[in-house]
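Engineer: Have a look at the structure that comes next, please.
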Amino acid sequence: MTRILAIETSCDETAIAIAEFSGPATHPAVRVRSHIVLSQVQLHAPFGGVVPNLARREHEKNLVPILMQALREAKIMNQEISKNKHPESLASCFLTLDTILAREPELNGQLKKNIAHLPAPDIDAIAVTYGPGLAPALWTGINFAKALAALWKKPVIPTNHMAGHLYSALLEPDPKKGGAFFMPRLSFPALALLVSGGHTELILMRAHGKFRILGQTLDDAAGEAFDKTARILGLPYPGGPEIARLAADGRHGAYPLPRPMLNTKDYHFSFSGLKTAALYLVRDIGKLTLQKKKDIAASFQAAALEVLVKKTIRAAKEYRAKTVLLGGGVAANDALRSFLRVALKKESPQFSVRFPVSSLCGDNALMIAAAAYFCGTKKALDKVRADANARLDAHHRYG
Ligand code: KG4
Ligand code: ZN
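Under the numbering used here, the first residue of the sequence shown carries the number 2, and numbering increases by one thereafter.
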């Protein structure tokens, strides 16, 4: 059994999970001992998007309370709580913390007060998101992970955020045991459509950890296009769920909107032209009634989803994918799920398709634990660094 404590702070969710992987390495059972996500979305909403330094400050404030809750829930503290650290060893721990957390004084203070004196919990490794994401937010999580690793003498597994979204599709709830998941054996080659607020990528996978980016967005990410179009319609942030809600009652053929790059031979995407077309449409319509808003939302969503689904199907056929995975915040979109499922089935029954449960579409740390389990590598603490533009294929390029 491998027990991983995972930390995710790449954007505006502060998340910690403690998960146990057991059974066959290729298709383990997962017991979730703790899974906490604290969203800052309300805090950023008035700004219409995530403010990096505000996100960083919130992570700094909330990581220790969330860790304490996670450790309590997981019940994995070694029994010898009475064996608190000797004052001398505590002083040397404090010195280490001062070095690692020189830029996070509040986090340092909270760790010293609440965690430093405790014995190490019973875990095998600490997984932490190193990128892609907002650099200040990523660094907070990374320095926190390093501080815990130094205190507890545990290895750190730096983990790619998009790998997390990809593996979230493989976390299948166990109907017999609440809070438990299966991870089915993945048939390769697999193709993943990852659609989030910051990224839109089509990934080919020939083995765990062997990723090739077939295509990505050349400008706005899919989620970003949903958010910007929502803003144009006067809807609150984050706009993806708002557009989806309105679109459900709208006519998707009401307004002809472009399908950028639908017919290009590559697997890249572009959504900024679609958003601009929505902007001009709203300007030309003038006064927006609720029905018009619904029709625009439906027309926009149909255009965005058509490009995503058609390109995914073409790639699945070209690379003879056995499994198609969907991941990222936009994977919560029901219309995308049914469109993709129906289109894949129509194309060929050989494709098996996997979606994350809706509670795991957004950023969370359980997906980071899963990605770390399947393709993470332990790294020396001084080599663990944030990489705001980390690519999934950075370590495993292949032709
Ligand atoms: O993966 P995520 O939680 O954060 C990033 O890593 O970016 O994705 C957030 C994005 C936001 O743009 C949000 O509007 C979008 O996912 N989103 C949706 C839906 N739910 C969230 N987009 C379309 N339909 C939805 N139901
Ligand atoms: Zn994400």
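Just so you know, even glycine gets a beta-carbon here, dropped at the ideal spot from N, CA and C.
Predicted model only: the values in this text are computed from it and were never measured.
Looking only at its own chain, which residues have a Cβ that is under 7 Å from the Cβ of Ile67, when we skip the five neighbours before and after it?
Structural biologist: Here the set comprises Thr15, Ile17, Ile37, Leu39.
Engineer: Hey, would you say the C-beta of Ser359 is under 6 Å away from at least one heavy atom of ligand 2?
Structural biologist: Incorrect: Ser359 has no Cβ contact closer than 6 Å to ligand 2.
Engineer: Where do the ends of the alpha helix (DSSP H) carrying Ile67 lie?
Structural biologist: Here the alpha helix (DSSP H) through Ile67 covers 53-75.
Engineer: Can you tell me where the beta strand (DSSP E) with Ala18 in it begins and where it stops?
Structural biologist: Element bounds for Ala18: 14-23.
Engineer: Go through its chain and collect everything with a Cβ distance to Asp422's Cβ below 8 Å, but skip five positions before and after it.
Structural biologist: Lying outside 2 to 400, the shown extent of the chain, residue 422 is not represented and no answer is given.
Engineer: What are the start and end residues of each continuous alpha helix (DSSP H) run of 4 or more residues lying completely inside the region 280-325, in chain order?
Structural biologist: If we require 4 residues or more, the alpha helix (DSSP H) runs fully inside the region 280-325 come out as 291-319.
Engineer: Relative to ligand 1, what is the chain-ordered list of residues with a Cβ closer than 5 Å to any of its non-hydrogen atoms?
Structural biologist: Result: Ser197, Gly198, Gly199, Gly224, Phe227, Asp228, Pro239, Gly241, Pro242, Ala245, Gly329, Gly330, Val331, Ala333, Asn334, Gly363, Asp364.
Engineer: Any idea if Asp296 is buried or exposed, counting beta-carbon neighbours within 10 angstroms, 16 or more meaning buried?
Structural biologist: It is buried - the Cβ of Asp296 has at least 16 other Cβ atoms within 10 Å.
Engineer: Please go through the region 155-220 and give each complete alpha helix (DSSP H) segment of 4 or more residues, from N-terminal end onward.
Structural biologist: Runs of the alpha helix (DSSP H) inside the region 155-220: 162-169.
Engineer: One question on the structure: do Asp394 and Phe212 come within less than 7 Å of each other, judged by their Cβ atoms?
Structural biologist: In this structure, Phe212 lies closer than 7 Å to Asp394 by Cβ.
Engineer: Considering Ile143, what are the terminal residues of the alpha helix (DSSP H) in which it resides?
Structural biologist: Segment 136-153, the alpha helix (DSSP H) holding Ile143.
Engineer: Taking the straight line between their C-alpha atoms, what separation do you get for Glu21 and Ile5?
Structural biologist: If you take the alpha carbons of Glu21 and Ile5, they lie about 6 Å apart.
Engineer: Is Leu382 helix, strand or coil when you go by DSSP?
Structural biologist: Reduced to three states, the DSSP call for Leu382 is helix.
Engineer: Taking C-alpha atoms, which residue in Ala150, Arg207, Pro239, Thr10 lies nearest to Ala226?
Structural biologist: Among Ala150, Arg207, Pro239, Thr10, the Cα nearest to that of Ala226 belongs to Pro239.
Engineer: Within a Cβ cutoff of 8 Å, which residues of the same chain sit near Phe95, ignoring the five residues on either side of it in sequence?
Structural biologist: Cβ neighbours of Phe95 beyond the five flanking positions: Lys113, Ala117.
Engineer: Over the uninterrupted alpha helix (DSSP H) stretch that includes His45, give me the two end residues.
Structural biologist: Segment 42-45, the alpha helix (DSSP H) holding His45.
Engineer: For Phe352, collect the residues of the same chain with a Cβ closer than 8 Å to its Cβ; drop the 5 residues on either side in sequence, then sort them by chain order.
Structural biologist: Cβ neighbours of Phe352 beyond the five flanking positions: Ala317, Ala322, Lys323, Thr324, Val325, Leu345, Lys346.
Engineer: Leaving out five residues before and five after Ala208 in sequence, what residues of the same chain have Cβ atoms less than 8 Å from its Cβ?
Structural biologist: If we look at Ala208 and ignore the five residues flanking it on each side, its Cβ neighbours are Phe189.
Engineer: Quick check: what's the CA-CA separation for Tyr268 versus Lys312?
Structural biologist: Rounded to the nearest angstrom, the two C-alpha atoms are 6 Å apart.
Engineer: Whole angstroms are fine: how far does the CA of Gly377 sit from the CA of Pro106?
Structural biologist: Taking the straight line from one Cα to the other gives about 29 Å.
Engineer: Going by DSSP in three states, Ser90 sits in which element: helix, strand or coil?
Structural biologist: In the structure shown, Ser90 sits in a helix (DSSP, three-state: H, G or I).
Engineer: Do Ala279 and Thr218 have their CB atoms nearer than 7 Å?
Structural biologist: Taking 7 Å as the Cβ cut-off, Ala279 and Thr218 do not qualify as a contacting pair.
Engineer: Checking the sheet assignment: what are the DSSP bridge partners for Ser353?
Structural biologist: Answer is Thr324.
Engineer: Tell me which residue opens and which closes the beta strand (DSSP E) that Leu6 is part of.
Structural biologist: Unbroken beta strand (DSSP E) run through Leu6: 3-9.
Engineer: Determine the direct distance from the alpha carbon of Leu102 to that of Tyr281, and round the result to whole angstroms.
Structural biologist: Spanning the two alpha carbons is a distance of roughly 48 Å.
Engineer: Could you tell me the alpha carbon to alpha carbon distance between Glu319 and Pro261, rounded to whole angstroms?
Structural biologist: Going by the C-alpha atoms only, they are around 21 Å apart.
Engineer: State the start and end residues of the unbroken alpha helix (DSSP H) segment that holds Gly240.
Structural biologist: 240-248 is the extent of the alpha helix (DSSP H) around Gly240.
Engineer: Can you give the beta carbon distance from Gly210 to Ala389, rounded, assuming they're within the 8 Å contact cut?
Structural biologist: Contact flag wrong, Cβ pair sits at about 21 Å.
Engineer: Below 7 Å CB to CB, which residues in the same chain sit around Arg392 once its five sequence neighbours on both sides are set aside?
Structural biologist: Closer than 7 Å at the Cβ level, and outside the excluded window around Arg392, lie Ile214.
Engineer: Could you pull out every residue in the same chain whose Cβ sits closer than 6 Å to the Cβ of Gly255, ignoring the five residues on either side in sequence?
Structural biologist: A quick correction: the sequence has Ala, not Gly, at residue 255. Result list for Ala255: Asp296, Ser300, in chain order.
Engineer: Strictly by DSSP, which residues pair up with Val331?
Structural biologist: Answer is none; Val331 lacks a bridge partner.
Engineer: With 16 other CB atoms within 10 Å as the buried threshold, where does Phe145 fall?
Structural biologist: Buried: at least 16 other Cβ atoms inside 10 Å.
Engineer: With a 10 Å radius around its C-beta and 16 neighbouring C-beta atoms as the bar for buried, classify Leu291 as buried or exposed.
Structural biologist: Exposed: under 16 other Cβ atoms inside 10 Å.
Engineer: Name, in chain order, the residues that DSSP records as bridge partners for Phe270.
Structural biologist: Phe270 is bridged to Thr218.
Engineer: Expressed to the nearest angstrom, what Euclidean distance is found between the alpha-carbon atoms of Ala136 and Thr201?
Structural biologist: Using only the alpha carbons, I get a separation of about 19 Å.
Engineer: Looking at the secondary structure, which residues open and close the beta strand (DSSP E) in which Ile127 lies?
Structural biologist: Element bounds for Ile127: 126-132.
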